[in-house]
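A.B. asks: Sharing a structure with you now.
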Amino acid sequence: MSAKNRETANVGAGNWKGLGMWAWILFRVAGVVLVFYLFAHIGVISSARLGGHHTMNTIFKTFDKTLFVLLDLLLVWAVLFHGLNGVRIVLMDLGIGITRHKAMFWACMAVAVVCFAFFAYSALNFIADKGGAWL
Amino acid sequence: MPVATFHIKRFDPDNDDMPRYDEFSVPYEASLTVLDGLFYVQEHFDGSLSFRYCCRAAVCGSCAMYINGRYRLACQTNVRHLDGDVITVEAMPHMPLVKDLVCDMTDFFAKYEYIEPWLMRNSQDPAKEIGQTPEERKKLDMPIDCILCGACYSTCPSVWGEGNYIGPAALLKAYRFEVDSRDEARKQRLAHFDNEHGAYRCHTITNCVEACPKELNPTEGIQWLKRAAVRRRLFGRLK
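Read top to bottom, the protein sequences are chains A and B. Our numbering puts the first sequence at residues 5 to 139. Our numbering puts the second sequence at residues 4 to 242.
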């Protein structure tokens, strides 16, 4: 281990347990995931233009497989988390509920869970209909 | 007499390569605070242990430390109120160290001074005092309790990431004067926090609220400042 100086000796310790802290970190992670997804999405849609409808149909058949449906569910969670936590932050920026931000966070997450349950139900039905091939 | 084990994080930048934890056994009775424990260690085991303190009554903010995983004032923390008899005492995380438990607060106070934390007036003062209604005074109840211990500043990820961010404590103080009915320097002070190093750098992470040993809410003040700054930009209003 390299020697520490007075600037670095104390860095990295500390407060990693606050709810707001984790909400913020996951908010950022979900945001980055959504940006990458957006580019992937544009790439897939462009395949119709660039490679013709056969290319797009082939790609879409792949996306019907179980693995990709489950990845879709992860994407749904990223959208719900990012969107609803974003609503909470907008409310806080408007001066609403700053002293009750934890309750607001859990309320937003409750809405997210309810929405997610709906999507999960649809996705699992879809997987069951398709026979459940992984890839 | 019960004995508490103090794990104290030690680091001397002039002599040590790495921080280390030293262990000391401190006998205690009902009223021992962590600060008393540190005095005991200094007197009986190791005179070179460094820490800051002053008032011993939780009003000066000198002895803020990271005790058993939470920001606390050493003078206000009774050993009996902590879980178990093992007490881990560390300097406030993420701050440059002077030695052991003593953080370098230079940046913290430079940023505090930057927002001009004093009452500024343009008009002629009245012959007696400057009157305030109870409602006007009530707005100051929360921010006026800040003791400048630096816990919020130490725990704020926006401060970790952006060295020029003036931080929750300075912004809370700006808020304290912005809501003071006697202060008349809104335009001047607004320029200090209405920028990328000021209120907008706060991402409402609320670590400062978790950390504050006086249980204040700096985020509430910072959000107020953001709204005031936006109102000023959109509508030219100062209040």
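Beta carbons: idealized from backbone N, C-alpha and C, even for Gly. Note that this is a predicted model, so its numbers are computed, not measured.
For TYR156/B versus TRP227/B, is the C-beta spacing smaller than 8 Å?
C.D. replies: Taking the second sequence and counting its residues from 1, the one referred to as residue 156/B is at position 153. Taking the second sequence and counting its residues from 1, the one referred to as residue 227/B is at position 224. No, these two residues do not count as a Cβ contact at 8 Å.
A.B. asks: Can you give me the C-alpha to C-alpha distance between ILE133/B and ASP186/B, rounded to a whole angstrom?
C.D. replies: By one-based count along the second sequence, residue 133/B stands at place 130. By one-based count along the second sequence, residue 186/B stands at place 183. So the alpha carbons of these two residues sit roughly 10 Å apart.
A.B. asks: Restricting to runs no shorter than 3 residues, where is the beta strand (DSSP E) found entirely within the region 7-42 of chain B?
C.D. replies: Counting whole runs of 3 or more residues, the region 7-42 of chain B contains the beta strand (DSSP E) stretches 23-30.
A.B. asks: Kindly list, in the order they appear in chain A, the residues whose Cβ is closer than 8 Å to that of ALA94/B.
C.D. replies: In the second sequence, residue 94/B corresponds to position 91, counting from 1. In chain order: ASN14.
A.B. asks: Should THR109/B go down as buried or exposed, given a rule of 16 or more other Cβ atoms within 10 Å for buried?
C.D. replies: Position 106 of the second sequence, counted from the first residue, corresponds to residue 109/B. Its Cβ having fewer than 16 others within 10 Å, THR109/B is exposed.
A.B. asks: How is ASN81/B classed by DSSP in three states: helix, strand or coil?
C.D. replies: As a first step, residue 81/B must be located in the second sequence, where it is residue number 78. DSSP places ASN81/B in strand when its eight states are reduced to three.
A.B. asks: LEU78/A: which of ALA127/A, ILE63/A, TRP138/A, ASP133/A sits nearest, CA to CA?
C.D. replies: Here the question's residue 78/A lines up with position 74 in the first sequence. Looking at the Cα atoms, ALA127/A is the closest of the given residues.
A.B. asks: How do the region 144-162 of chain B and the region 77-88 of chain B stand: do at least 3 beta-carbon pairs fall below 8 Å, yes or no?
C.D. replies: Cβ pair count under 8 Å is below three, so no.
A.B. asks: Given a cut-off of 8 Å on the beta-carbon distance, is the pair ALA67/B and TYR56/B in contact?
C.D. replies: Within the second sequence, residue 67/B is the residue found at index 64, counting from 1. Within the second sequence, residue 56/B is the residue found at index 53, counting from 1. Contact: no.
A.B. asks: Residues of chain A with CB under 8 Å from LYS229/B, in chain order?
C.D. replies: In the second sequence, residue 229/B corresponds to position 226, counting from 1. Neighbours of LYS229/B on chain A, chain order: ASP97.
A.B. asks: Would you call the region 196-210 of chain B and the region 221-240 of chain B in contact, with 3 or more CB pairs under 8 Å?
C.D. replies: Yes: at least three Cβ pairs fall under 8 Å.
A.B. asks: Provide the residue span of the beta strand (DSSP E) that contains GLU93/B, from first to last.
C.D. replies: As a first step, residue 93/B is located in the second sequence; it is residue number 90 there, counting from the start. Here the beta strand (DSSP E) through GLU93/B covers 89-93.
A.B. asks: Using a Cβ-Cβ distance under 8 Å, would ARG104/A count as near chain B?
C.D. replies: Position 100 of the first sequence, counted from the start, is the residue given in the question as residue 104/A. Taking Cβ atoms only, chain B never reaches closer than 8 Å to ARG104/A, which makes this a no.
A.B. asks: Of all the beta strand (DSSP E) runs that stay within the bounds of the region 118-205 of chain B, which reach a length of 3 or more residues?
C.D. replies: With a minimum length of 3 residues, no continuous beta strand (DSSP E) run stays inside the region 118-205 of chain B.
A.B. asks: Kindly indicate which residue of ILE63/A, TYR41/A, ASP133/A, VAL91/A has the alpha-carbon position closest to the one of PHE80/A.
C.D. replies: Position 76 of the first sequence, counted from the start, is the residue given in the question as residue 80/A. Checking the sequence, you will find Val at residue 80/A rather than Phe. The shortest C-alpha separation from VAL80/A is found at TYR41/A.
A.B. asks: Of all Cβ atoms in chain A, is any one closer than 8 Å to the Cβ of GLU213/B?
C.D. replies: Counted from its first residue, the second sequence places residue 213/B at position 210. Yes, its Cβ sits closer than 8 Å to a Cβ of chain A.
A.B. asks: Which one of LEU237/B, GLU218/B, GLY239/B has the shortest CA to CA distance from VAL103/A?
C.D. replies: Counted from its first residue, the first sequence places residue 103/A at position 99. Residue 103/A is actually Thr in this sequence, not Val. Among LEU237/B, GLU218/B, GLY239/B, the Cα nearest to that of THR103/A is on GLU218/B.
A.B. asks: Do the region 84-93 of chain A and the region 111-124 of chain A meet, that is, are 3 or more Cβ pairs less than 8 Å apart?
C.D. replies: The answer is yes - the region 111-124 of chain A touches the region 84-93 of chain A, with three or more Cβ pairs under 8 Å.
A.B. asks: Counting only Cβ pairs nearer than 7 Å, list the residues of chain A close to LEU100/B.
C.D. replies: Looking up residue 100/B in the second sequence gives position 97. ARG10, ALA13, ASN14, listed in chain order.
A.B. asks: Does DSSP put LEU76/B in a helix, in a strand, or in coil?
C.D. replies: Within the second sequence, residue 76/B is the residue found at index 73, counting from 1. Strand, per DSSP.
A.B. asks: Considering only C-alpha positions, which residue in the set ASP183/B, VAL89/B, SER161/B is nearest to THR209/B?
C.D. replies: Taking the second sequence and counting its residues from 1, one reaches residue 209/B at position 206. The option with the nearest alpha carbon to THR209/B is SER161/B.
A.B. asks: If we call anything under 8 Å between Cβ atoms a contact, is CYS205/B one with GLY64/B?
C.D. replies: In the second sequence, residue 205/B corresponds to position 202, counting from 1. In the second sequence, residue 64/B corresponds to position 61, counting from 1. No.
A.B. asks: Spatial neighbours of ALA44/A within its chain, please: CB distance less than 7 Å, with the 5 preceding and 5 following residues excluded, ordered by chain position.
C.D. replies: Taking the first sequence and counting its residues from 1, the one referred to as residue 44/A is at position 40. Excluding residues within five positions, none has a Cβ falling inside 7 Å.
A.B. asks: What residues of chain A sit near PHE14/B, judged by a beta carbon separation below 9 Å?
C.D. replies: Position 11 of the second sequence holds residue 14/B. The contacting residues are LYS8, ARG10, ALA13, ASN14.
A.B. asks: To the nearest angstrom, how far is the alpha carbon of LEU143/B from that of GLY72/B?
C.D. replies: Stepping through the second sequence from its first residue, residue 143/B is reached at position 140. Stepping through the second sequence from its first residue, residue 72/B is reached at position 69. Near 30 Å, if we compare the C-alpha coordinates of GLY72/B and LEU143/B.
A.B. asks: Less than 8 Å between the CB atoms is what I'm expecting for ILE169/B and LYS114/B, so what's the real figure, rounded?
C.D. replies: As a working note, residue 169/B is residue 166 in the second sequence. As a working note, residue 114/B is residue 111 in the second sequence. Between LYS114/B and ILE169/B the Cβ distance is about 4 Å, and since that is below 8 Å, they are a contact.
A.B. asks: Quick check on the burial criterion: 16 or more other C-beta atoms within 10 angstroms. Buried or exposed for HIS86/A?
C.D. replies: Reading the first sequence from its first residue, position 82 is the one you call residue 86/A. Buried, because 16 or more other Cβ atoms sit within 10 Å of the Cβ of HIS86/A.
A.B. asks: Roughly how many angstroms separate the alpha carbons of LYS190/B and LEU175/B, rounded to a whole number?
C.D. replies: To locate residue 190/B, count along the second sequence from 1; it is residue 187. To locate residue 175/B, count along the second sequence from 1; it is residue 172. The alpha-carbon atoms of LYS190/B and LEU175/B are separated by roughly 17 Å.
A.B. asks: Name the one or two DSSP bridge partners that ILE70/B has.
C.D. replies: The residue given as residue 70/B occupies position 67 in the second sequence. ARG73/B, VAL92/B.
A.B. asks: Starting from the beta carbon of ASN210/B, find every residue of chain A whose beta carbon is closer than 7 Å, and list them in chain order.
C.D. replies: By one-based count along the second sequence, residue 210/B stands at place 207. Result: ASN19, GLY22, GLY24, MET25.
A.B. asks: Just how far apart, CA to CA, sit GLY35/A and ALA82/A?
C.D. replies: For this step, residue 35/A is matched to residue 31 along the first sequence. For this step, residue 82/A is matched to residue 78 along the first sequence. Spanning the two alpha carbons is a distance of roughly 8 Å.
A.B. asks: If you compare alpha carbons, which of PRO30/B, ALA130/B, PRO216/B, ILE147/B is closest to ALA120/B?
C.D. replies: If you number the second sequence from 1, residue 120/B lands on position 117. Looking at the sequence shown, residue 120/B is not Ala but Pro. Comparing Cα positions, the closest option is ILE147/B.
A.B. asks: Take ALA7/A as the anchor and find which of ARG59/B, PHE27/B, ARG23/B, PRO129/B has the nearest alpha-carbon.
C.D. replies: The sequence position of residue 7/A within the first sequence is 3, counting from 1. It is ARG23/B whose Cα lies nearest to the Cα of ALA7/A.
A.B. asks: Whole angstroms is fine: what's the gap from THR136/B's alpha carbon to PHE180/B's?
C.D. replies: In the second sequence, residue 136/B corresponds to position 133, counting from 1. In the second sequence, residue 180/B corresponds to position 177, counting from 1. Straight-line Cα distance between these residues: approximately 16 Å.
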